[in-house]
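Colleague: Just so we're aligned, residue 26 is where the sequence shown starts under this note's numbering, counting upward by one. Glycine included, each C-beta is placed from N, C-alpha and C at the ideal position. Please read these numbers as outputs of a predicted model, since none were measured by experiment.
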Amino acid sequence: QLQLVESGGGVVQAGDSLRLSCTASARFFSTNFVAWFRQAPGKERERVGTVTWSDGRTDYAVSVKGRFTISRDNAKNIVYLQMNSLKPEDTAVYSCAVGYNWNKYSYWGQGTQVTVSS
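(1) Between the Cα of N99 and those of S55, L45, S42, spot the shortest distance and give me the residue it belongs to.
(2) Let me check understanding here. Comparing Cα to Cα, which of K68, W61, G34 lies closest to T75?
(3) Using the three-state DSSP reduction, which class does E115 fall into: helix, strand or coil?
(4) Rounded to the nearest angstrom, what separates S50 and Q28 at their Cα positions?
(5) What would DSSP say about A122, mapped onto helix, strand or coil?
(6) Take the Cβ of E31 as the centre, count every other Cβ of all protein chains shown within 10 Å, and call the residue buried at 16 or more, exposed below.
(7) Specify the secondary structure class of A51 as computed by DSSP and reduced to three states.
(8) With 16 other CB atoms within 10 Å as the buried threshold, where does G40 fall?
(9) Answer with buried or exposed for Y125, where buried requires no fewer than 16 other C-beta atoms within 10 angstroms of its C-beta.
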């Protein structure tokens, strides 16, 4: 079973940057979709962005577009989430997930906390 481990979270100030990593226990398949989600206390889970593994196409939530970038290292089975110009409202637990459908994800990591202070 595919296992995902996120890392790179922490406490930063508004305007700072962080790069999160999602390391998989096995290689991603061309049929995979890999997404980053986040959930803040008392709020619904929000999809931050998705990468389509077959062609590398990415899409992002409006709330992070232009500030966050998903990239990947195929050889190392890692997906990154580069977060720039962080805002206090970006504070959340960030998780990566893998699925075979853009809307359905079967494998999830445990999440990493990102806290942005003002």
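Modeller: Inspection of the coordinates gives the following:
(1) Stepping through the sequence shown from its first residue, residue 99 is reached at position 74. Answer by Cα proximity: S55.
(2) Walking along the sequence shown from the start, residue 75 turns up at place 50. Checking every option, the nearest Cα to that of T75 belongs to W61.
(3) Within the sequence shown, numbered from 1, the residue matching residue 115 stands at position 90. Glu is not the amino acid found at residue 115; the sequence shown has Asp there. In this structure, D115 counts as helix in the three-state DSSP scheme.
(4) Indexing the sequence shown from 1 puts residue 50 at position 25. Indexing the sequence shown from 1 puts residue 28 at position 3. When rounded, the distance between both Cα atoms is 5 Å.
(5) Numbered from its first residue, the sequence shown carries residue 122 at position 97. DSSP, reduced to helix, strand and coil, places A122 within a strand of the structure shown.
(6) Taking the sequence shown and counting its residues from 1, the one referred to as residue 31 is at position 6. Buried: at least 16 other Cβ atoms inside 10 Å.
(7) Mapped onto the sequence shown, residue 51 falls at position 26. In the three-state scheme derived from DSSP, where H, G and I count as helix and E and B as strand, A51 is classed as coil.
(8) Walking along the sequence shown from the start, residue 40 turns up at place 15. Under this definition G40 is an exposed residue.
(9) Here residue 125 is taken as the residue at index 100 of the sequence shown, counted from 1. Exposed, by the Cβ-count rule.
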